[in-house]
Amino acid sequence: MGIASESEVHDQAEAVLWAAPTGRLPEPPVETNLQVLPLGQLTWPDAEKLFLRLLQTVRPVTYAKLFGTPGQGQQGIDAYARLPLDLVAVDAAGRDYITLQSRRVQALTALKIERAVDDFLKGDWSDKTRTFYYATSYDLQDTKLDEELRTQGDRLAALGVTFVPWGVQEVSALLKDQPCIVDDFFGRSWVEAFCGPEAARALANNLPALESRELRTRLRQLYQAVFSAQGGMQQTEDPAPEQQFVIVHVDPRPQQRGVVDVEQPNTESSIRSGHPEDGFTYVASRLGARRQSFRSAQQLITAATAEGPNTQGAVPADEWLAEGKYRLVIGGPGVGKSSLLRFAAADLLAERPQSITLQREHGGDLPVWLPFGFLCRHLDASTENSLVSAVEAWLSSQSAADLWPLAQRALHDDRLMLFVDGIDEWSDVSSAERALGVLEAFLGRSNAAAVLSTRPYAVDRLNWQRPWAHAQITPLTDGQRRSIAAGILQRSTASEVDPEPRLHWGAGVEAFLAQLEISADLAQLSRSPLFLTLLATTWQGEPLPRQRFKIYIRLVELLIEKHPQMRQRASHARGGPLPAADASTLFAAVAYRLRLKDAAGVATKQDMRKLIVESMVDDEVLGYQPAEARRLADAVLAMAEEEFGLIVSHGAGSYGFLHRVVLDHLAGQHLAILAPDDQLDAIRRFVHDPAWRDVLLALLSAQVSPHTTEPLLAAALNVGDHVWADLDGYELLADSLAAGVRLTPAFRPPTPRTSWSGWRIIPIPGTEPT
Numbered sequence: 004m005g006i007a008s009e010s011e012v013h014d015q016a017e018a019v020l021w022a023a024p025t026g027r028l029p030e031p032p033v034e035t036n037l038q039v040l041p042l043g044q045l046t047w048p049d050a051e052k053l054f055l056r057l058l059q060t061v062r063p064v065t066y067a068k069l070f071g072t073p074g075q076g077q078q079g080i081d082a083y084a085r086l087p088l089d090l091v092a093v094d095a096a097g098r099d100y101i102t103l104q105s106r107r108v109q110a111l112t113a114l115k116i117e118r119a120v121d122d123f124l125k126g127d128w129s130d131k132t133r134t135f136y137y138a139t140s141y142d143l144q145d146t147k148l149d150e151e152l153r154t155q156g157d158r159l160a161a162l163g164v165t166f167v168p169w170g171v172q173e174v175s176a177l178l179k180d181q182p183c184i185v186d187d188f189f190g191r192s193w194v195e196a197f198c199g200p201e202a203a204r205a206l207a208n209n210l211p212a213l214e215s216r217e218l219r220t221r222l223r224q225l226y227q228a229v230f231s232a233q234g235g236m237q238q239t240e241d242p243a244p245e246q247q248f249v250i251v252h253v254d255p256r257p258q259q260r261g262v263v264d265v266e267q268p269n270t271e272s273s274i275r276s277g278h279p280e281d282g283f284t285y286v287a288s289r290l291g292a293r294r295q296s297f298r299s300a301q302q303l304i305t306a307a308t309a310e311g312p313n314t315q316g317a318v319p320a321d322e323w324l325a326e327g328k329y330r331l332v333i334g335g336p337g338v339g340k341s342s343l344l345r346f347a348a349a350d351l352l353a354e355r356p357q358s359i360t361l362q363r364e365h366g367g368d369l370p371v372w373l374p375f376g377f378l379c380r381h382l383d384a385s386t387e388n389s390l391v392s393a394v395e396a397w398l399s400s401q402s403a404a405d406l407w408p409l410a411q412r413a414l415h416d417d418r419l420m421l422f423v424d425g426i427d428e429w430s431d432v433s434s435a436e437r438a439l440g441v442l443e444a445f446l447g448r449s450n451a452a453a454v455l456s457t458r459p460y461a462v463d464r465l466n467w468q469r470p471w472a473h474a475q476i477t478p479l480t481d482g483q484r485r486s487i488a489a490g491i492l493q494r495s496t497a498s499e500v501d502p503e504p505r506l507h508w509g510a511g512v513e514a515f516l517a518q519l520e521i522s523a524d525l526a527q528l529s530r531s532p533l534f535l536t537l538l539a540t541t542w543q544g545e546p547l548p549r550q551r552f553k554i555y556i557r558l559v560e561l562l563i564e565k566h567p568q569m570r571q572r573a574s575h576a577r578g579g580p581l582p583a584a585d586a587s588t589l590f591a592a593v594a595y596r597l598r599l600k601d602a603a604g605v606a607t608k609q610d611m612r613k614l615i616v617e618s619m620v621d622d623e624v625l626g627y628q629p630a631e632a633r634r635l636a637d638a639v640l641a642m643a644e645e646e647f648g649l650i651v652s653h654g655a656g657s658y659g660f661l662h663r664v665v666l667d668h669l670a671g672q673h674l675a676i677l678a679p680d681d682q683l684d685a686i687r688r689f690v691h692d693p694a695w696r697d698v699l700l701a702l703l704s705a706q707v708s709p710h711t712t713e714p715l716l717a718a719a720l721n722v723g724d725h726v727w728a729d730l731d732g733y734e735l736l737a738d739s740l741a742a743g744v745r746l747t748p749a750f751r752p753p754t755p756r757t758s759w760s761g762w763r764i765i766p767i768p769g770t771e772p773t
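Mapping of the sequence shown onto this note's numbering: residues 4 to 773, in sequence order.
Dropping the structure here:
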């Protein structure tokens with residue numbers, strides 16, 4: 004989604020300064036053992052990037068900015084880096100920064116050097132600077148320039164500032180032991196001629212500069228097409244501030260509230276009292292490994308009705324991603340995990356990137372995208388398959404097989420950065436364990452970095468071997484929420500779907516935000532990017548739904564009923580092959596069948612067509628004759644993709660639902676129309692599978708009466724005969740209460756089948772006798 008940042012919009016020009024060089028490479032050297040690099044052949048933007056990279060090798064840069072604007076007679080950069088305390092002299096008088104200045108000039112004269120120092124002394128940083136670097140691509144050994152440099156050095160020394168000029172000779176000397184930087188800006192032939200054959204051989208696995216740039220360009224084009232087709236972000240080059248992506252925050256010390264690891268000892272107070280800590284239940288592991296325990300209804304309901312988000316200690320997600328090698332992003336449905344990974348991968352390749360921190364640490368990296376569900380299916384297909392063959396197969400599935408020769412070499416490049424989305428999307432845990440093992444084994448054999456995303460339940464259910472740093476996406480702040488809402492409600496032009504102008508101005512945003520605060524439940528839901536986007540996209544000024552499953556119902560209604568009607572009204576087109584009500588029923592059945600087939604909800608076009616036909620001929624769905632269903636299947640699939648936007652292409656004949664929450668919701672809606680015995684069977688079959696939790700919650704939320712809900716919950720609480728068999732049933736009960744599922748006042752869950760005396764009975768809100 005295109006939306007603005009919550010506080011100040013970061014200087015996008017600074018992110019560009021850290022991006023990979025894009026200008027023409029200098030001509031290859033004609034002799035070996037050269038001592039000077041051809042800085043003068045670099046474009047000015049690349050020369051400035053080079054100076055900044057070089058300063059970073061001296062001291063981590065704190066801040067950088069462009070001087071002037073394009074088209075002005077004088078442009079350049081200013082950069083600042085802070086010295087560590089142990090390098091700051093006692094008598095430094097607050098001078099704990101080093102400063103770099105570079106100006107684009109057609110010719111360098113003594114007067115221009117003097118003016119550069121004048122600019123520095125007039126700036127805000129002159130009183131804070133210990134060392135001032137003046138960088139240029141010109142040769143400073145000219146006698147007149149040398150005299151002026153000495154004069155300005157004395158001038159600055161009298162003020163307590165050390166003057167360090169960087170000309171072509173000085174920069175070349177500093178780059179002598181920086182072959183990676185030389186490779187990026189000048190090319191592999193210059194590495195060998197300038198840094199030596201041994202330095203060039205050390206880079207043998209890395210793509211040469213021209214091939215690396217070609218791969219980055221083609222990956223950028225591929226990811227833009229793939230992410231857009233899958234309903235994700237549509238990043239444009241040089242976006243306006245209001246079109247920038249809102250970067251969520253993460254908690255780098257994720258602690259699941261109300262969850263206690265059984266391997267951790269009980270607190271002394273809970274042992275003395277004989278009761279667990281408030282909201283906690285201590286359980287033995289059912290899986291023989293670390294597992295999170297039951298969260299009480301009290302904890303879930305408290306969290307659902309909290310007055311505001313808990314963002315203490317949270318940091319911008321891009322800053323956290325940039326800081327380490329192995330990153331695991333954790334979050335529930337709709338909090339923006341996939342969007343964050345898509346943004347990071349696309350931004351690293353963008354010509355005008357947004358994130359300064361990602362570019363500073365990973366600007367030259369090669370981001371390779373691989374969905375975890377795809378990896379699982381690929382490995383399950385043959386014992387001969389590997390992560391390398393999975394990347395090749397994924398590129399082929401996106402009609403990008405011609406990229407494989409470059410991508411194959413990139414998998415051995417030290418700059419490889421893997422983005423693996425959806426670690427929780429597996430068909431069975433053994434398949435996931437194998438895929439994770441293959442992924443971690445690959446990382447162990449390479450220098451690659453990796454960013455993964457998952458829902459919380461997969462963290463404890465898989466065996467992780469690499470030193471993954473965890474962070475949990477936090478709820479949106481007020482500023483982030485306002486930016487997202489404004490980006491949606493203030494779109495300046497009406498689309499072909501909606502020719503009538505909507506609420507486009509600030510008053511609409513304020514009215515919308517005011518509605519979000521009407522209830523605590525709605526305020527909490529609106530802290531999720533997905534739910535907020537759904538609410539804002541469908542809002543026409545009417546009261547907003549207050550529960551997430553009602554938001555899902557509204558979204559599906561918009562996609563299947565209102566959206567096609569508006570499109571037809573604008574284009575005077577005829578209706579589709581099915582009426583809206585039948586389409587809703589059909590795709591709920593398709594979602595359920597697809598959910599049974601694949602946890603990630605992805606199928607080939609042939610399989611998706613088969614599921615549509617099976618659902619259409621089902622007497623409990625539409626009851627079509629087989630021949631008629633087969634005749635209409637292609638038109639129905641095209642309608643779902645082109646008219647509804649409910650089904651999206653995953654590339655090369657692979658399809659899935661718009662979002663996993665939509666898939667789960669529709670699957671639960673289908674379950675709700677099945678016979679009671681079938682619903683009970685589904686509860687008993689899937690209550691222990693956390694990947695099915697939202698499907699079962701959708702089933703329970705769709706019940707029209709508490710009297711039909713309670714037998715389903717009772718079935719969830721009476722599965723199996725071992726001591727912890729009902730644990731998942733109690734978790735489902737707690738989640739149901741937090742989701743607003745209604746129960747009668749007479750309903751009381753059975754006593755948990757444990758021999759421990761520490762259980763406490765917590766009254767179910769809304770069921771207390773009056």
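The beta-carbon is built from N, C-alpha and C at its ideal position, and this holds for glycine as well.
Terminal residues of the beta strand (DSSP E) in which residue i lies
i, result
"VAL253", "252-254"
"TYR136", "132-138"
"HIS691", "Per DSSP, HIS691 belongs to no beta strand (DSSP E) and is neither H nor E."
"LEU735", "Here LEU735 belongs to no beta strand (DSSP E); instead the alpha helix (DSSP H) covers 730-741."
"PRO478", "Premise fails: PRO478 is in no beta strand (DSSP E) and is neither H nor E."
"TRP372", "369-372"
"GLN155", "Per DSSP, GLN155 belongs to no beta strand (DSSP E); it is in the alpha helix (DSSP H), 146-160."
Coarse secondary structure for residue i, derived from DSSP in three states
i, result
"PRO319", "strand"
"LYS68", "strand"
"ALA287", "Its pLDDT being 35, under 50, ALA287 is placed unreliably by the model, and the measurement read from it follows with that caveat. In the structure shown, ALA287 sits in coil (DSSP, three-state: anything other than H, G, I, E or B)."
"PRO211", "coil"
"HIS710", "helix"
"TRP508", "In this prediction, TRP508 scores a pLDDT of 39, lower than 50, which makes its location untrustworthy; the coordinate-derived value is nonetheless stated afterwards. TRP508 falls in the coil class under three-state DSSP."
"ARG484", "helix"
"PRO752", "coil"
"PRO48", "helix"
"TYR595", "helix"
"GLY659", "strand"
"ARG464", "helix"
"PRO168", "strand"
"LEU699", "helix"
"THR25", "coil"
"SER385", "coil"
Same chain, Cβ closer than 7 angstroms to residue i, neighbours up to 5 away in sequence not counted
i, result
"SER389", "VAL441"
Minimum Cβ-Cβ distance from residue i to chain B less than 7 angstroms
i, result
"THR711", "Any reference to chain B falls outside this structure, which holds one protein chain only."
Sequence-distant residues of the same chain with beta carbon closer than 8 angstroms to residue i, five excluded per side
i, result
"LEU406", "LEU218, ARG221, LEU222, LEU225 and LEU398"
"LEU290", "Its pLDDT being 34, under 50, LEU290 is placed unreliably by the model, and the measurement read from it follows with that caveat. Cβ neighbours of LEU290 beyond the five flanking positions: ARG464."
"GLY376", "GLY425, GLU428, TRP429, ASP601, ALA602, ALA603 and VAL605"
Cβ-based neighbour list, residue i, same chain, cut-off 6 angstroms, excluding 5 preceding and 5 following
i, result
"ALA461", "ILE426 and ASP427"
"HIS381", "ASN388, ALA393 and ALA396"
"LEU677", "none"
"LEU716", "LEU736"
Segment limits, alpha helix (DSSP H) that includes residue i
i, result
"SER358", "Where SER358 is concerned, there is no enclosing alpha helix (DSSP H), given that its DSSP letter is neither H nor E."
"TRP407", "407-413"
"ARG551", "551-560"
"ILE184", "182-189"
"ALA526", "523-528"
Beta-carbon separation (whole angstroms), residue i vs residue j, contact threshold 8 angstroms
i, j, result
"ALA207", "VAL194", "About 11 angstroms; that fails the 8 angstroms criterion."
"VAL39", "SER175", "5 angstroms"
"HIS252", "ALA320", "6 angstroms"
Does the stretch 523-537 come close enough to the stretch 327-339 that 3 or more CB-CB pairs lie under 8 angstroms? yes
Can you confirm whether the stretch 28-46 touches the stretch 180-189 when touching is taken to mean that 3 or more C-beta pairs between the two stretches lie within less than 8 angstroms? yes
Is there contact here, the stretch 324-331 with the stretch 356-363, by at least three beta-carbon pairs under 8 angstroms? yes
Does the structure place the stretch 736-754 close enough to the stretch 706-723 that three or more beta carbon pairs sit under 8 angstroms? yes
Taking three-plus beta-carbon pairs below 8 angstroms as touching, is the stretch 626-633 in contact with the stretch 533-548? no
Using 8 angstroms as the Cβ pair cut-off and three pairs as the minimum, do the stretch 696-704 and the stretch 363-380 touch? Too few Cβ pairs lie closer than 8 angstroms, so no.
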